[in-house]
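J.:
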Amino acid sequence: MPLPTHKLHRSVSLSLLLCLLSPFAIHHSLLAAAPGGALEALYTFDDPQPNDIINDSSGASPPLNLKISNPKAVTQRNGGLTVSGKTTILTPKSASRLSSTIKESGVLTIETWITPADKLQEGPARIITLSEGNSDRLFTLGHDKDVFDVRFRTSQTNKNGTPSTSSPESTPVSKSLTHVVFTREQNGNTRLFIDGKQVSQKTIAGSLDPWAQPFRLGLANESNGQRPWHGTYHLVALYSRALSPGEVTARFRAGPDAPPAKPKPANPNATLFEEKIAALLANHCIECHDPSTNEGRLDLSQKATAFASKGTIIPGNAHDSLLWELVENDEMPEDRDPLSKAEKDLLRQWINEGATWTLDVIDPSNYRHQTEPGEIWVRRLTVPEYINTVQATLDIDVAKEARELLPPELRADGFSNTAYNLSVDLDHVEAYAELAAIIAQKIDPAAFAKRFSPKRNVNDKDMFALIRDIGKWLLRGPLTQNEQSIYRGITTSVVSAGGDFDEAVTYLVEAMIQSPRFIYRIEKQQGDGSLWPVSDFELASRMSYTIWGAPPDTELYADAEKGRLADPNLARAHAERMLRDPRAVEQSVRFLTDWLNLNRLDSIRPNPDHFPDWQPALADDMRRETIAFFKELVWNQNRPLTDLFNASFTFVTPRLAKHYNLPLDPDREIKSDPVDRLLRVNLEHIPSRGGLLTHGSILTIGGEEASMVTRGLFVFNDLFRGTVNNPPPGLDTTPIPTKPGLTHRDGAEIRIADRNCGDCHGKFEPMAFGLEKYDGLGAWRQQDEHGNPLRDDGTILVPGAAKPIAYDNSAQLMNLLATNNRVAESLTRKLAQFAIGRPLTAQDIPAIKSIHQNSATYQQLITNLITSDLIQKSQTTPEE
19 MPLPTHKLHR
29 SVSLSLLLCL
39 LSPFAIHHSL
49 LAAAPGGALE
59 ALYTFDDPQP
69 NDIINDSSGA
79 SPPLNLKISN
89 PKAVTQRNGG
99 LTVSGKTTIL
109 TPKSASRLSS
119 TIKESGVLTI
129 ETWITPADKL
139 QEGPARIITL
149 SEGNSDRLFT
159 LGHDKDVFDV
169 RFRTSQTNKN
179 GTPSTSSPES
189 TPVSKSLTHV
199 VFTREQNGNT
209 RLFIDGKQVS
219 QKTIAGSLDP
229 WAQPFRLGLA
239 NESNGQRPWH
249 GTYHLVALYS
259 RALSPGEVTA
269 RFRAGPDAPP
279 AKPKPANPNA
289 TLFEEKIAAL
299 LANHCIECHD
309 PSTNEGRLDL
319 SQKATAFASK
329 GTIIPGNAHD
339 SLLWELVEND
349 EMPEDRDPLS
359 KAEKDLLRQW
369 INEGATWTLD
379 VIDPSNYRHQ
389 TEPGEIWVRR
399 LTVPEYINTV
409 QATLDIDVAK
419 EARELLPPEL
429 RADGFSNTAY
439 NLSVDLDHVE
449 AYAELAAIIA
459 QKIDPAAFAK
469 RFSPKRNVND
479 KDMFALIRDI
489 GKWLLRGPLT
499 QNEQSIYRGI
509 TTSVVSAGGD
519 FDEAVTYLVE
529 AMIQSPRFIY
539 RIEKQQGDGS
549 LWPVSDFELA
559 SRMSYTIWGA
569 PPDTELYADA
579 EKGRLADPNL
589 ARAHAERMLR
599 DPRAVEQSVR
609 FLTDWLNLNR
619 LDSIRPNPDH
629 FPDWQPALAD
639 DMRRETIAFF
649 KELVWNQNRP
659 LTDLFNASFT
669 FVTPRLAKHY
679 NLPLDPDREI
689 KSDPVDRLLR
699 VNLEHIPSRG
709 GLLTHGSILT
719 IGGEEASMVT
729 RGLFVFNDLF
739 RGTVNNPPPG
749 LDTTPIPTKP
759 GLTHRDGAEI
769 RIADRNCGDC
779 HGKFEPMAFG
789 LEKYDGLGAW
799 RQQDEHGNPL
809 RDDGTILVPG
819 AAKPIAYDNS
829 AQLMNLLATN
839 NRVAESLTRK
849 LAQFAIGRPL
859 TAQDIPAIKS
869 IHQNSATYQQ
879 LITNLITSDL
889 IQKSQTTPEE
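Start counting at 1 in the sequence shown, then tack on 18, and there's your number in my numbering.
1) Could you tell me how far apart the beta carbons of Asp612 and Asn435 are, in whole angstroms, since I believe they sit closer than 8 angstroms?
2) The beta strand (DSSP E) that contains Arg202, what's its start and end?
3) Can you give me the Cβ contacts of Ser112 inside the same chain, cut-off strictly under 7 angstroms, excluding the 5 residues immediately before and after it?
4) I'd like to know if the stretch 452-472 and the stretch 415-423 are in contact, where contact means that at least 3 CB-CB pairs between them fall below 8 angstroms.
5) Can you tell me where the beta strand (DSSP E) with Trp131 in it begins and where it stops?
6) By the three-class DSSP mapping on this structure, what secondary structure does Ser327 have?
7) Does DSSP put Phe63 in a helix, in a strand, or in coil?
8) Classify Ala260 as helix, strand or coil using the three-state DSSP reduction.
9) Classify Gly780 as helix, strand or coil using the three-state DSSP reduction.
10) Among the candidates Lys649, Ile719, Phe734, Gly740, whose CA atom is the shortest distance from the CA of Arg698?
11) Could you check how far apart the C-beta atoms of Ser262 and Ser218 are, in whole angstroms? I think they sit under 8 angstroms.
12) If we call anything under 9 angstroms between Cβ atoms a contact, is Leu743 one with Cys775?
13) Leaving aside the five residues before and after Trp523 along the sequence, list all residues of the same chain whose C-beta is less than 7 angstroms from its C-beta, in chain order.
14) Taking the beta strand (DSSP E) that Tyr825 falls in, what are its first and last residues?
15) Any idea if Arg729 is buried or exposed, counting beta-carbon neighbours within 10 angstroms, 16 or more meaning buried?
16) List the whole-angstrom C-beta distance separating Ile854 from Ala593, where the pair is believed to meet the contact cut-off of C-beta under 8 angstroms.
17) Helix, strand or coil for Leu99? Go by DSSP, reduced to three states.
18) Does DSSP put Thr509 in a helix, in a strand, or in coil?
19) What is the DSSP secondary structure of Arg769, reduced to helix, strand or coil?
20) By alpha-carbon positions, which one of Asn475, Met561, Gln532, Ile107 ends up nearest to Asp887?
21) Is the distance from the Cβ of Pro228 to the Cβ of Lys177 below 9 angstroms?
22) Would you kindly report the start and end of the unbroken alpha helix (DSSP H) that includes Ser559?
23) Taking all protein chains shown into account, do 16 or more other C-beta atoms lie within 10 angstroms of the C-beta of Gly721, making it buried, or fewer, making it exposed?
24) To the nearest angstrom, how far is it from the Cα of Ala591 to the Cα of Ala602?
25) Looking at the secondary structure, which residues open and close the beta strand (DSSP E) in which Ser383 lies?
26) For Val841, which residues of its own chain have a beta-carbon under 8 angstroms away from its beta-carbon, when the five flanking residues on both sides are left out?
27) Could you check if Asn96 is buried or exposed, using at least 16 other CB atoms within 10 Å of its CB as the buried criterion?
28) What distance in whole Å lies between the Cβ atoms of Asp164 and Pro142, which are believed to be in contact at a cut-off of 8 angstroms?
29) Out of curiosity, what's the CA-to-CA distance linking Arg539 and Ile565?
30) What is the rounded straight-line gap between the Cα of Lys781 and the Cα of Ile880?
31) Confirm, please, whether the CB-CB distance from Leu126 to Ser241 is below 9 angstroms.
32) Who are the Cβ neighbours of Asn882 in its own chain at under 6 angstroms, not counting the five residues just before and after it?
33) How about Leu706 and Trp798: do their beta carbons lie closer than 9 angstroms?
34) Counting only runs that start and end within the stretch 205-234, where is the beta strand (DSSP E) found for 3 or more residues in a row?
35) Would you call Gln830 buried or exposed, if buried means 16 or more other Cβ atoms sit within 10 Å of its Cβ?
36) State yes or no: is the C-beta of Glu702 within less than 9 angstroms of the C-beta of Ser725?
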């Protein structure tokens with residue numbers, strides 16, 4: 019008797035919930051990356067070897083040395099091994115180390131530099147093979163007439179390793195020096211490259227259980243001597259990882275004489291300075307010892323000034339260095355916690371070992387955040403990304419339900435999509451399960467399945483194929499064999515309980531959209547601890563979620579399948595195409611809203627005694643003003659982002675115009691327009707308005723009291739990337755209230771004059787002086803509630819500069835912001851942080867500067883970001 023649908027649903031959902039609880043629980047923090055693959059065998063043919071042995075120089079143990087059976091058939095000279103007669107070149111025993119390593123990892127790269135003696139060799143003639151006889155193998159790279167052919171054995175191929183991966187006839191074999199590379203990923207994706215370009219791609223699915231067999235590794239022939247290949251070997255390498263397309267291209271460009279590169283030994287003292295000491299100085303010293311404060315006539319922000327005073331830092335001699343003496347005795351930092359023992363030990367070590375200083379300037383904003391090498395933060399989809407992903411993959415709108423059921427994201431480091439803050443708890447798991455059930459009710463399973471296959475069979479062959487294709491679409495990349503088996507188990511359970519094909523597809527989709535691979539943007543980060551290119555499918559997701567906040571489309575996936583996205587020209591072309599999609603505009607508005615925290619306007623509740631004319635609808639008007647202004651400038655006019663600070667137009671409702679006391683077109687009365695309609699206003703002759711900082715959405719950040727501290731810190735931190743530490747413990751931070759004869763600015767100047775406060779407040783509060791004439795709700799006035807006249811002149815002290823820049827009024831302040839390169843770079847950094855979902859670190863700064871130097875508009879920034887290392891590469895976790 020078939021299981022009732024509601025019971026079937028519950029049994030499947032409960033089993034899924036139990037399976038998913040563990041992954042959700044662990045993925046809210048760091049994702050532990052898998053160990054990286056290694057070089058397993060390397061033959062460079064540099065010198066003839068004694069006893070006709072070709073040594074494996076990979077360093078792996080035991081080495082896979084090769085024995086030449088007929089030395090007269092080969093010639094070894096000039097870094098090459100030429101095979102011209104009948105011979106075998108084999109490991110004396112089975113290459114069990116190699117086969118067991120590949121079996122465990124499921125991943126292989128074969129790299130060869132060869133020169134065929136004849137274009138039309140047959141067999142296929144064995145270039146390199148791990149096999150026994152003509153039709154029993156684990157892998158073979160062969161030469162068959164006019165193509166290169168790779169056979170790779172799995173549980174789903176025959177024992178000969180077919181179907182194979184071959185080069186197309188349009189790329190014929192030549193008798194010239196050729197770079198041939200084959201890669202096989204754990205998910206079964208195979209690629210064949212010739213001279214740095216991918217020429218073929220297939221999926222060779224299945225487990226590597228057959229790799230337990232004891233076969234020998236050989237060159238130039240089968241072990242039985244029946245499949246000879248003639249030509250010259252220049253390099254042969256085997257890896258237990260899949261080289262990325264970018265790496266293959268780089269290897270081709272490096273040429274056959276460049277074996278796998280080993281990093282040059284770095285100056286350990288320089289490394290210590292860049293990784294530890296610069297951050298130590300930035301976070302503990304430069305607050306008081308920068309060009310402007312220059313306490314004790316010591317500027318530690320740059321080498322020239324740090325070493326200018328004789329005896330401050332004596333390379334090789336910490337004991338006699340004044341800096342060390344002050345730190346050792348806890349006299350520096352003053353009025354702050356002393357350095358820890360570990361920090362002191364690092365500083366002493368750096369000085370004693372030579373005090374190498376490799377940076378032009380230490381910018382404290384680069385060291386606000388530090389990460390350990392190999393730390394990878396996995397990214398959960400935000401609520402908007404989840405909604406967009408369901409819409410894009412399943413064509414189902416769950417916006418209303420998702421916003422009601424999913425807990426809202428919390429802001430961290432200025433954004434709500436900061437990866438380490440996107441935790442998942444039981445509320446999330448229950449919400450995702452409920453949303454999956456809602457989506458399952460809305461989906462048309464027959465129509466959805468037909469997008470991938472016209473067949474409606476529930477046998478293994480057809481269901482595995484359907485699961486593979488649906489999984490690749492929903493989970494943003496190929497499934498592993500284990501994943502396919504798990505999802506096949508779900509469909510089997512449904513059918514065995516009396517369900518039909520449509521029900522099987524429904525539960526399959528419901529399971530997939532609750533899996534960590536759907537909820538998270540999971541990436542495989544395996545390598546040697548350095549920056550490595552991400553895979554093509556990972557890159558496709560990075561690109562699409564950066565530009566659209568949504569998953570890749572079919573065009574992006576098509577090039578990911580072909581391994582072409584590593585080509586920067588193609589990636590740039592995709593970015594330009596995607597920026598023409600309306601989803602790019604929506605994503606840019608999400609960036610703006612998150613950066614400026616425009617959603618806080620929902621919580622504005624001013625005191626009616628102080629602001630009797632306030633209407634709650636004004637808060638939404640302010641948000642709409644800023645968004646409409648941004649879209650006009652960025653998308654309709656395609657202007658540089660810095661113009662956001664002084665563009666002489668805005669959009670207001672008649673209600674907001676009245677609040678601002680802003681005159682509209684003299685030929686049009688405010689009452690003649692709907693109260694909610696946005697009207698474009700030219701501000702060329704209204705100097706008090708123009709640019710983001712004159713919008714109520716921004717000015718309200720200072721609260722009802724129009725706090726100089728809060729407004730000044732916004733300009734200082736968010737726009738100029740200034741850094742100030744929290745006030746020392748025990749210091750009275752109670753604001754000075756205004757009164758007749760004492761304005762907010764007067765109170766700020768009192769704080770600046772105070773020895774305990776002035777060093778810090780003098781850096782940021784003057785940046786708000788030009789905003790004093792705007793009240794707490796953004797209205798312009800000439801005097802405050804006490805009748806005190808207000809001013810809008812002041813100074814800006816750019817972080818890192820020695821002298822301030824004066825401005826006479828708020829309009830000049832806006833122009834200073836719009837023309838300052840540090841502000842412009844801050845916008846680049848904000849957009850980059852939003853794109854990668856984490857705060858920037860010092861290691862990111864070279865990429866940021868490259869992006870910034872070649873960008874001005876939002877579109878240029880996004881395009882250059884997409885082709886930068888921030889998106890194209892990722893820090894890997896080294897093998898332990």
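Glycine included, every Cβ here is placed at the ideal spot set by N, Cα and C.
T.: For this structure:
1) The residue you call residue 612 lines up with position 594 of the sequence shown. The residue you call residue 435 lines up with position 417 of the sequence shown. Taking C-beta atoms under 8 angstroms as the contact rule, Asp612 and Asn435 qualify, at a distance of about 7 angstroms.
2) Counted from its first residue, the sequence shown places residue 202 at position 184. Judged by DSSP secondary structure, Arg202 falls within the beta strand (DSSP E) whose first and last residues are 196-202.
3) For this step, residue 112 is matched to residue 94 along the sequence shown. The residues are Pro232, Phe233, Arg234.
4) Put simply, the stretch 452-472 touches the stretch 415-423. At least three CB pairs are less than 8 angstroms apart.
5) The count along the sequence shown starts at 1 and reaches residue 131 at position 113. Start and end: 126-134.
6) Residue mapping note: residue 327 aligns to position 309 of the sequence shown, counting from 1. Ser327: coil per DSSP, three-state reduction.
7) Along the sequence shown, read from residue 1 onward, the residue named residue 63 stands at position 45. Three-state DSSP puts Phe63 in coil, outside helix and strand.
8) For the purposes of this step, residue 260 is taken as the residue at position 242 of the sequence shown. In the displayed model, Ala260 falls within coil according to three-state DSSP, outside both helix and strand.
9) Mapped onto the sequence shown, residue 780 falls at position 762. In the structure shown, Gly780 adopts helical secondary structure according to DSSP, grouped into three states.
10) Stepping through the sequence shown from its first residue, residue 698 is reached at position 680. Ranked by Cα distance from Arg698, the first of Lys649, Ile719, Phe734, Gly740 is Lys649.
11) Taking the first residue of the sequence shown as position 1, residue 262 is located at position 244. Taking the first residue of the sequence shown as position 1, residue 218 is located at position 200. Going by Cβ atoms, the distance from Ser262 to Ser218 rounds to 16 angstroms, so no, they are not a contact pair.
12) The residue you call residue 743 lines up with position 725 of the sequence shown. The residue you call residue 775 lines up with position 757 of the sequence shown. A small fix is needed here, since residue 743 is Asn in this sequence, not Leu. At a Cβ-Cβ threshold of 9 angstroms, Asn743 and Cys775 do not count as neighbours.
13) In the sequence shown, residue 523 corresponds to position 505, counting from 1. At residue 523 the sequence reads Val, which differs from the Trp that was named. So the qualifying residues of the chain are Pro463, Phe466, Ala467.
14) The residue you call residue 825 lines up with position 807 of the sequence shown. Its beta strand (DSSP E) spans residues 823-825.
15) In the sequence shown, the residue the question calls residue 729 occupies position 711. Burial is judged here by how many other beta carbons sit within 10 angstroms of a residue's own beta carbon; Arg729 has at least 16 and is buried.
16) The residue you call residue 854 lines up with position 836 of the sequence shown. The residue you call residue 593 lines up with position 575 of the sequence shown. For Ile854 against Ala593, the beta-carbon gap comes to about 15 angstroms, at or over 8 angstroms, which does not count as contact.
17) As a first step, residue 99 is located in the sequence shown; it is residue number 81 there, counting from the start. For Leu99, the secondary structure class from DSSP, reduced to helix, strand or coil, is strand.
18) Locating residue 509 in the sequence shown gives position 491, where the first residue counts as 1. In the structure shown, Thr509 sits in a helix (DSSP, three-state: H, G or I).
19) Within the sequence shown, numbered from 1, the residue matching residue 769 stands at position 751. Collapsing the DSSP output to three states places Arg769 in a helix.
20) One-based indexing of the sequence shown puts residue 887 at position 869. For Asp887, the closest of Asn475, Met561, Gln532, Ile107 by C-alpha to C-alpha distance is Met561.
21) Against the sequence shown, residue 228 aligns to sequence position 210. Against the sequence shown, residue 177 aligns to sequence position 159. The answer is yes: Cβ separation under 9 angstroms.
22) Translated into positions along the sequence shown, residue 559 becomes position 541. Per DSSP, Ser559 belongs to the alpha helix (DSSP H) from 554-565.
23) Here residue 721 is taken as the residue at index 703 of the sequence shown, counted from 1. So Gly721 ends up on the exposed side.
24) To locate residue 591, count along the sequence shown from 1; it is residue 573. To locate residue 602, count along the sequence shown from 1; it is residue 584. About 15 angstroms.
25) Reading the sequence shown from its first residue, position 365 is the one you call residue 383. Note, Ser383: premise wrong, no beta strand (DSSP E); not H, not E.
26) Position 823 of the sequence shown holds residue 841. Cβ neighbours of Val841 beyond the five flanking positions: Thr660, Phe663, Leu737, Phe738, Leu835.
27) Indexing the sequence shown from 1 puts residue 96 at position 78. The C-beta of Asn96 has fewer than 16 other C-beta atoms within 10 Å across all chains shown, which makes the residue exposed.
28) Sequence index remark: in the sequence shown, residue 142 carries index 124 (1-based). Sequence index remark: in the sequence shown, residue 164 carries index 146 (1-based). Actually they do not touch by this definition, with Cβ atoms about 11 angstroms apart.
29) Taking the sequence shown and counting its residues from 1, one reaches residue 539 at position 521. Taking the sequence shown and counting its residues from 1, one reaches residue 565 at position 547. Between Arg539 and Ile565, the C-alpha separation is close to 15 angstroms.
30) Locating residue 781 in the sequence shown gives position 763, counting from the first residue. Locating residue 880 in the sequence shown gives position 862, counting from the first residue. Taking the straight line from one Cα to the other gives about 32 angstroms.
31) Locating residue 241 in the sequence shown gives position 223, counting from the first residue. Locating residue 126 in the sequence shown gives position 108, counting from the first residue. Taking 9 angstroms as the Cβ cut-off, Ser241 and Leu126 do not qualify as a contacting pair.
32) Translated into positions along the sequence shown, residue 882 becomes position 864. Answer for Asn882: Ile869, Asn872, Ser873, listed in chain order.
33) The sequence position of residue 706 within the sequence shown is 688, counting from 1. The sequence position of residue 798 within the sequence shown is 780, counting from 1. Looking at the sequence itself, residue 706 is Ser, so the reference to Leu does not match. Contact check for Ser706 against Trp798 passes: the beta carbons are separated by less than 9 angstroms.
34) If we require 3 residues or more, the beta strand (DSSP E) runs fully inside the stretch 205-234 come out as 207-212, 215-221.
35) Along the sequence shown, read from residue 1 onward, the residue named residue 830 stands at position 812. With 16 or more other CB atoms across the displayed protein chains lying within 10 angstroms of its CB, Gln830 is buried.
36) On the sequence shown, residue 702 is found 684 positions in, with the first residue counted as 1. On the sequence shown, residue 725 is found 707 positions in, with the first residue counted as 1. The answer is no: Cβ separation not under 9 angstroms.
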